[in-house]
Structure formats: structure tokens, C-alpha cells
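Enquirer: First the structure, then my questions, so here it is.
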Amino acid sequence: MRESILPIYSPCFGKVENILVNETSRIYEWEKLFLIREKNGTVNEITVGISGLIASLEVNENQNVTPNTVLFKIKEDLFITGSD
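UniProt numbering numbers the first residue of the sequence shown as 1 and each following residue consecutively.
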């Protein structure tokens with residue numbers, strides 16, 4: 001079975017307001033991971049539809065991001081899990 005490491009990109013332009021995980025975190029589907037504030041003041045809660053281990057964080061708090069910015073890389077679990 002092959003290991004899959006996936007880059008996760010910012011969905012918007014803005015500034016990373018808060019990083020809610022660290023490089024050793026296990027994350028679950030739809031868990032809140034980042035908060036990104038857009039220029040108009042809207043705060044986006046960043047989630048993903050997969051679970052796994054954080055392989056690397058690619059941004060810092062207060063860093064400007066675009067839809068081309070990789071926020072983090074995830075080592076995807078191949079197990080089916082549930083979440084609330």
C-alpha cells in the first residue's frame with residue numbers, strides 16, 4: 001500500500017489569523033485547522049474532508065496567503081473514520 005502525502009492549498013486570499021494544529025497533529029475530517037481573515041474582514045474556517053497526520057506546516061500565523069499557497073501537507077489515512 002502506497003503512502004499518500006497531499007498538499008492542502010488556501011481556498012482564498014487573506015492572512016493566516018490562527019493555526020489550530022501543529023506538525024505532530026492527527027486531524028480528522030472537517031476538523032477546524034486554520035482561520036484565515038480576508039481583507040473585507042470575513043474569517044474563513046479551514047477544514048478538509050480527509051483525515052491523517054500533518055506531514056508539514058507550510059505557513060506561519062500573520063502570513064499572507066493566496067489560493068496558490070500550500071497551507072500544510074497531510075499524510076492521508078487509508079482508514080475510514082467518522083466525525084461529528
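Yeah, the Cβ is synthetic: ideal placement off N, Cα and C, and Gly gets one too.
Nothing here was measured: the structure is a model prediction, and the numbers come from that model.
For Glu-61, collect the residues of the same chain with a Cβ closer than 8 angstroms to its Cβ; drop the 5 residues on either side in sequence, then sort them by chain order.
Expert: Excluding sequence neighbours, Glu-61 sits near Val-16, Glu-17, Asn-18, Ile-19.
Enquirer: Can you name, in chain order, every residue of its own chain whose Cβ lies under 7 angstroms from the Cβ of Lys-32, other than the five neighbours on each side?
Expert: Excluding residues within five positions, the ones whose Cβ falls inside 7 angstroms are Leu-20, Glu-45, Thr-47.
Enquirer: Going by DSSP, what residue range makes up the beta strand (DSSP E) through Val-16?
Expert: Start and end: 14 to 19.
Enquirer: Please determine, among Gly-49, Asn-40, Gly-52, Thr-69, the residue with the shortest C-alpha to C-alpha distance to Glu-58.
Expert: It is Thr-69.
Enquirer: Would you mind working out which of Lys-39, Glu-23, Glu-29, Ser-4 sits nearest Phe-13, comparing C-alpha positions?
Expert: Ranking the options by Cα distance to Phe-13, first place goes to Lys-39.
Enquirer: Anyone know if the C-beta pair for Val-65 and Ser-10 falls short of 8 angstroms?
Expert: In this structure, Ser-10 lies closer than 8 angstroms to Val-65 by Cβ.
Enquirer: Please confirm whether Leu-53 and Ile-36 have their CB atoms less than 8 angstroms apart.
Expert: No, these two residues do not count as a Cβ contact at 8 angstroms.
Enquirer: May I ask you to report which of helix, strand or coil DSSP gives Ile-50?
Expert: Looking at Ile-50 - three-state DSSP - the assignment turns out to be coil, as it is neither helix nor strand.
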